[in-house]
Amino acid sequence: MTGPRKLYIKSYGCQMNVYDSLRMADMLAPDGFAETKDVAEADLVVLNTCHIREKAAEKVYSEIGRLRVLKDEAAKDGRKVTIAVAGCVAQAEGAEIMRRAPVVDLVVGPQSYHRLPALLDQAARGERPVETEFPAEDKFNFLKNPTRDAIRARGVSAFLTIQEGCDKFCTFCVVPYTRGAEVSRPVEKILAEAERLAAAGVREITAIGQNVNAYHGDGPDGTTWTLARLFERLAQIPGIDRLRYTTSHPRDVDDSLVAVHRDLPELMPQLHLPVQSGSDRILDAMNRKHTRDDYLRVIERLRKAQPALAFTSDFIVGFPGETDRDFTDTLKLIEEVGFCGAFSFKYSPRPGTPAADMDDQVPEHVMTERLHELQLLIDRQMAAFNKACVGKTLDVLFEKTGRHPGQIAGKSPYLQPVQVMAPASLIGTIASVRIDDTGSYSLFGTLADEVGNRVPERPNLAALEA
Ligand code: SAM
Ligand code: SF4
18 MTGPRKLYIK SYGCQMNVYD SLRMADMLAP DGFAETKDVA EADLVVLNTC
68 HIREKAAEKV YSEIGRLRVL KDEAAKDGRK VTIAVAGCVA QAEGAEIMRR
118 APVVDLVVGP QSYHRLPALL DQAARGERPV ETEFPAEDKF NFLKNPTRDA
168 IRARGVSAFL TIQEGCDKFC TFCVVPYTRG AEVSRPVEKI LAEAERLAAA
218 GVREITAIGQ NVNAYHGDGP DGTTWTLARL FERLAQIPGI DRLRYTTSHP
268 RDVDDSLVAV HRDLPELMPQ LHLPVQSGSD RILDAMNRKH TRDDYLRVIE
318 RLRKAQPALA FTSDFIVGFP GETDRDFTDT LKLIEEVGFC GAFSFKYSPR
368 PGTPAADMDD QVPEHVMTER LHELQLLIDR QMAAFNKACV GKTLDVLFEK
418 TGRHPGQIAG KSPYLQPVQV MAPASLIGTI ASVRIDDTGS YSLFGTLADE
468 VGNRVPERPN LAALEA
């Protein structure tokens with residue numbers, strides 16, 4: 018395929034989808050596709066979908082409805098718009114999408130998007146391919162590398178998939194079915210990708226995977242590397258000043274991971290560690306394979322090693338059979354840990370998962386009330402955490418211009434957005450910022466005397482909380 022064509026990709030759901038969308042754009046760039054932010058001018062629209070909750074999946078069909086109008090309008094002007102559905106809805110529903118939405122030209126699952134150019138050729142011939150097998154080949158071996166300009170355009174903080182899939186089979190979750198078995202990418206492939214990112218100006222890498230701390234990749238020395246060992250090596254790459262990882266599972270926090278939180282200044286002191294519930298009864302029914310105490314012990318080990326660590330989590334309210342007492346246990350756990358933020362969701366039955374067939378589904382209005390109460394508590398904890406930062410100096414990685422003229426915006430070590438009046442030339446650098454005030458979600462600060470590219474100073478959370 019040749020010629021300048023416009024590609025519009027819409028990403029739903031998790032960071033893995035954000036990453037996959039970029040890789041799809043990279044895959045299509047050599048075929049002459051340039052990305053556009055304006056769907057109206059697109060020749061190819063890719064919806065990179067999420068199946069994790071019912072609402073997420075429904076959104077795709079509403080979007081397809083809007084695209085049908087767009088496609089018809091373009092056809093009147095003699096222009097053909099191709100519509101591809103990718104991601105986890107594609108994987109879960111496959112041919113059903115083709116049946117429900119005749120406007121869709123092709124369907125491709127998350128393990129097969131390296132085949133997009135070939136599938137587009139098929140679509141151009143009038144076929145409607147559905148590619149949802151888990152192919153024997155590893156897609157990463159076929160993906161095209163992004164150009165330096167593409168990396169630069171995406172900013173100084175990048176996601177890097179190091180692990181995919183999940184073998185844990187929590188009873189509520191579709192991931193093991195849509196993303197497949199847990200696989201770790203080899204160390205050398207990850208390092209090559211990280212070095213390319215760093216060479217193009219990336220300063221912060223977030224290692225991503227559905228179960229990222231279960232990472233066990235083949236190392237260049239013939240041994241299996243843990244996530245901790247991978248981080249020690251990634252931290253040596255010149256230009257990489259910050260490392261993060263998401264999403265982790267409490268069961269896979271081993272001693273080496275705890276140790277790098279203590280010893281590796283590049284590893285940021287914020288950790289997303291989903292717990293889902295504070296009730297042992299519910300954790301058991303969820304097949305989480307950890308208890309409330311196990312979770313608290315993991316937090317304790319991490320805090321002992323690194324007092325500056327702040328935690329975020331995921332919660333599900335209204336899992337089948339959840340009583341008021343179970344929910345109260347969740348609130349108590351939140352009080353006990355003290356989070357700096359969290360994602361919380363009403364339980365959504367997913368077809369094919371064991372929990373969808375469980376008795377005692379919780380009524381919608383009960384879930385709504387519980388979610389509200391939980392979110393109020395988390396909001397209070399987040400506000401207190403942000404307030405405790407006022408008057409402190411935090412290192413900020415500046416990423417872009419801010420909301421107001423003369424302002425630039427970046428992220429603190431705790432992932433808080435920080436707005437500062439400062440020259441745009443600082444974008445891409447790390448500078449010390451004195452925090453003056455907080456908004457609902459952002460912090461506002463002033464550049465401290467020292468501005469540079471040094472590794473981040475580790476703020477002391479115990480001091481912040483004092
Ligand atoms: N691997 C991660 C873990 O073990 O916690 C999370 C992966 S999932 C993409 C992100 C979050 O979605 C989960 O932590 C959970 O809170 C939420 N989630 C997953 N399935 C759900 C469901 N059926 N209903 C509501 N929330 C769900
Ligand atoms: Fe889903 Fe559980 Fe695997 Fe996380 S650990 S991806 S919640 S099955």
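Just so you know, the sequence shown maps onto residues 18 to 483 in the working numbering.
Yeah, the Cβ is synthetic: ideal placement off N, Cα and C, and Gly gets one too.
For residue i, three-class secondary structure by DSSP
i: Ala118; result: coil
i: Gly30; result: coil
i: Gly369; result: coil
i: Ser361; result: strand
i: Phe157; result: helix
i: Ser330; result: strand
i: Phe356; result: coil
i: Gly335; result: coil
i: Asp184; result: coil
i: Thr308; result: coil
i: Arg261; result: strand
i: Ile168; result: helix
i: Ala465; result: strand
i: Asp453; result: strand
i: Gln548; result: Only positions 18 to 483 of the chain appear in this structure, which leaves residue 548 out of reach.
i: Tyr25; result: strand
i: Ile222; result: strand
i: Thr53; result: coil
i: His131; result: helix
i: Ile447; result: strand
i: Val147; result: strand
i: Tyr36; result: helix
i: Val229; result: helix
i: Val200; result: strand
Endpoints, beta strand (DSSP E) assigned at residue i
i: Pro434; result: Pro434 to Met438
i: Val413; result: Thr410 to Thr418
i: Gly239; result: That residue, Gly239, is in no beta strand (DSSP E); it is neither H nor E in DSSP.
i: Val102; result: Thr99 to Ala103
i: Leu281; result: Leu281 -> no beta strand (DSSP E), and no H or E assigned at all.
i: Phe2; result: There is no way to answer for residue 2, as the model of the chain reaches only from 18 to 483.
i: His289; result: Gln287 to His289
i: Ile425; result: Gln424 to Lys428
i: Ser174; result: Ser174 to Thr178
i: Val124; result: Leu123 to Val125
Any C-beta of chain C under 8 Å from that of residue i
i: Val275; result: Here there is only one protein chain, and chain C is not present.
Spatially closest choice to residue i from the options, by CA coordinates
i: Phe461; options: Met438, Pro282 and Ile444; result: Met438
i: Leu411; options: Gln436, Gly338, Ala400 and Arg397; result: Gln436
i: Tyr431; options: Val121, Glu283 and Glu339; result: Glu283
i: Glu416; options: His389, Glu58 and Gly445; result: Gly445
i: Gln392; options: Ala405, Gly358 and Ile425; result: Gly358
i: Tyr25; options: Glu110, Val334 and Thr53; result: Thr53
i: Ala322; options: Thr329, Gly423 and Leu281; result: Leu281
i: Gly456; options: Arg83, Pro422 and Met399; result: Met399
i: Tyr29; options: Tyr78, Pro366 and Arg22; result: Tyr78
i: Ala327; options: Arg259, Met384, Leu288 and Asp396; result: Leu288
i: Gln128; options: Leu208, Glu148 and Gly355; result: Glu148
i: Phe248; options: Gly239, Val275 and His266; result: Val275
i: Val124; options: Ala59, Phe402, Thr66 and Tyr194; result: Thr66
i: Glu58; options: Gly82, Val35 and Thr99; result: Thr99
i: Asn158; options: Gly197, Arg116, Arg202 and Leu61; result: Arg202
i: Glu110; options: Thr418, Ile333, Leu214 and Glu71; result: Glu71
i: His233; options: Trp242, Ser459 and Gly226; result: Trp242
i: Phe186; options: Arg213, Gln180, Leu350 and Glu199; result: Glu199
i: Asp235; options: Gln378, Phe336, Gln180 and Val86; result: Gln180
Start and end residues, alpha helix (DSSP H) containing residue i
i: Asn65; result: Note, Asn65: premise wrong, no alpha helix (DSSP H); beta strand (DSSP E) at Leu61 to Thr66.
i: Gly82; result: Glu71 to Lys93
i: Gln293; result: Per DSSP, Gln293 belongs to no alpha helix (DSSP H) and is neither H nor E.
i: Phe402; result: Glu381 to Cys406
i: Leu214; result: Val204 to Ala216
i: Thr195; result: Val192 to Thr195
Check whether the stretch 159 to 171 touches the stretch 35 to 55, counting contact only when three or more Cβ pairs, one atom from each stretch, lie closer than 8 Å. yes
Contact between the stretch 262 to 277 and the stretch 303 to 317 (3+ Cβ pairs under 8 Å): Yes: at least three Cβ pairs fall under 8 Å.
Would the stretch 333 to 349 count as touching the stretch 292 to 305 if we require 3 or more Cβ pairs under 8 Å? Touching, yes.
Output the residues surrounding the ligand SF4, defined as those with a CB atom closer than 6 Å to any ligand heavy atom, in chain order. Cys183, Lys185, Phe186, Cys187, Cys190, Val192, Pro193, Gln227, Asn228 and His266
Okay, do the stretch 183 to 193 and the stretch 351 to 369 touch, 3+ Cβ pairs below 8 Å being the bar? yes
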